[in-house]
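Undergrad:
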């Protein structure tokens, strides 16, 4: 019996595996620290805007997300006509791949880059080329070494998920300068709001001065709107025009759009979340390192914890141990990091409980 056959390469794609969600149990408090969600939720103003939109659910959204593009433009000093909004930045990444990749093309990502990159690449029949990293950080020379006449896209998460590392802006500029003009450089800045480094830049300057660089961003992290799926891209007019030709006309719902406008305008809520993240990221890094575990220096809202391979101390065993305590972290086998767990910076209570749990685990309790 025959059945429909997917396009070549589709069945070779490893499906995206999200961070596991905790299973509630009576009498036990559970902390989900596996998906890099903010522990504070969205701005109350965003919740209010979302609820107010419920009075007009019969109406289609404004097809270009105009009010949101204008709000993003005000927040970052950008031309709204060069902004595209999408159902999460994931949709925009896939739209970019669909616009610029076809069978036989190549797209470059790094060894521990975001899993959506190879999925978007291979879904369009292109070849996912993996550049090695140095100390879990993107390596510009390694990327440039892999560029070929078939290269059409370079994906760069900056900061990177799941490692939390970043490239200074001078290195990003060196990467752009080393790429041929026909190669689109995609700077994924999903975690940029958490960075406190003088040598870091979002990449807007590169976009503004080139025809082949874009920056993508999301409302899922510091803005706490992950459930609504809202993201955006700032790009050159030629790329915006091309992507808009295949973008769905109503891809961002009205409630999501209005909540995102309120969220980006509540700078006090963002600053509170940013300060909390920096404080507890530093504290957790120090506390976990004291236990003899390595932590990759992070600038994002999570840390990458490395465990030894010896029995009784492995990441898999730590994952089981912490989960039993209601502390759900992210295993990273699918990222090629089998000896690591990624931990989202949570509330003070959650952070202290993880440090205590890891202390007991390493002590064999």
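In full-length UniProt numbering, the protein residues as written are 1 to 365. Just so it is clear, CB atoms sit at the ideal spot from N, CA and C, and this is done for glycine as well.
Where does residue 251 land, buried or exposed, given buried means 16+ other C-beta within 10 angstroms?
TA: buried
Undergrad: Using alpha carbons as the reference points, say which of 313, 206, 265 and 254 lies closest to residue 59.
TA: 254
Undergrad: Quick one: Cα of residue 227 to Cα of residue 42, how far?
TA: 10 Å
Undergrad: Which residues bound the alpha helix (DSSP H) around residue 356?
TA: 348-362
Undergrad: Could you give the residue range of the beta strand (DSSP E) that holds residue 128?
TA: Here the beta strand (DSSP E) through residue 128 covers 127-131.
Undergrad: Specify the secondary structure class of residue 108 as computed by DSSP and reduced to three states.
TA: strand
Undergrad: Whose C-beta lies closer than 8 Å to the C-beta of residue 357 among residues of the same chain, with five residues either side of it excluded?
TA: 321, 322, 325 and 327
Undergrad: I need the boundaries of the alpha helix (DSSP H) containing residue 90, first residue and last residue.
TA: 88-100
Undergrad: Helix, strand or coil for residue 231? Go by DSSP, reduced to three states.
TA: Secondary structure at residue 231: strand, using DSSP grouped into helix, strand and coil.
Undergrad: What first and last residue would you give for the beta strand (DSSP E) that runs through residue 302?
TA: Where residue 302 is concerned, the enclosing beta strand (DSSP E) starts and stops at 302-306.
Undergrad: How far does the alpha helix (DSSP H) with residue 267 in it reach, from first residue to last?
TA: 267-290
Undergrad: How about residue 335 and residue 112: are their beta carbons less than 8 Å apart?
TA: yes
Undergrad: Along the alpha helix (DSSP H) that carries residue 323, what are the first and last residues, could you check?
TA: 315-324
Undergrad: Less than 8 Å separating the beta-carbons of residue 225 and residue 190?
TA: no
Undergrad: I'd like to know whether the C-beta atoms of residue 136 and residue 188 end up nearer to each other than 8 Å.
TA: No, these two residues do not count as a Cβ contact at 8 Å.
Undergrad: List the whole-angstrom C-beta distance separating residue 207 from residue 236, where the pair is believed to meet the contact cut-off of C-beta under 8 Å.
TA: 7 Å
Undergrad: Going by the DSSP bridge assignment, what does residue 188 pair with across the sheet?
TA: 157 and 216
Undergrad: If you compare alpha carbons, which of 125, 138 and 172 is closest to residue 150?
TA: Nearest neighbour of residue 150 by Cα position, chosen from 125, 138 and 172, turns out to be 125.
Undergrad: Tell me the DSSP secondary structure of residue 197 in three-state form.
TA: coil
Undergrad: Is it buried or exposed, residue 57, if we count other Cβ atoms within 10 angstroms and call 16 or more buried?
TA: exposed
Undergrad: CA-CA distance, residue 331 and residue 197?
TA: 28 Å
Undergrad: State yes or no: is the C-beta of residue 193 within less than 8 Å of the C-beta of residue 69?
TA: Result no, Cβ atoms of residue 193 and residue 69 do not sit closer than 8 Å.
Undergrad: Going along the chain, which residues of its own chain have a beta-carbon closer than 7 Å to the beta-carbon of residue 9, five neighbours each way excluded?
TA: Excluding residues within five positions, the ones whose Cβ falls inside 7 Å are 122 and 125.
Undergrad: With distances taken from CA atoms, which of 87, 74 and 76 is nearest residue 61?
TA: 87
Undergrad: From what residue to what residue does the alpha helix (DSSP H) around residue 175 run?
TA: 169-178
Undergrad: Run the CB neighbour count on residue 153, radius 10 Å, all protein chains shown included, and call it buried at 16 or more, exposed below.
TA: buried
Undergrad: Quick one: is residue 244 buried, meaning 16 or more other Cβ sit within 10 Å of its Cβ, or exposed?
TA: exposed
Undergrad: Report yes if the CB atom of residue 284 is closer than 8 Å to the CB atom of residue 351, and no otherwise.
TA: Yes. Within cutoff.
Undergrad: Please tell me whether residue 78 and residue 204 are closer than 8 Å, where the distance is taken between their beta carbons.
TA: In this structure, residue 204 lies closer than 8 Å to residue 78 by Cβ.
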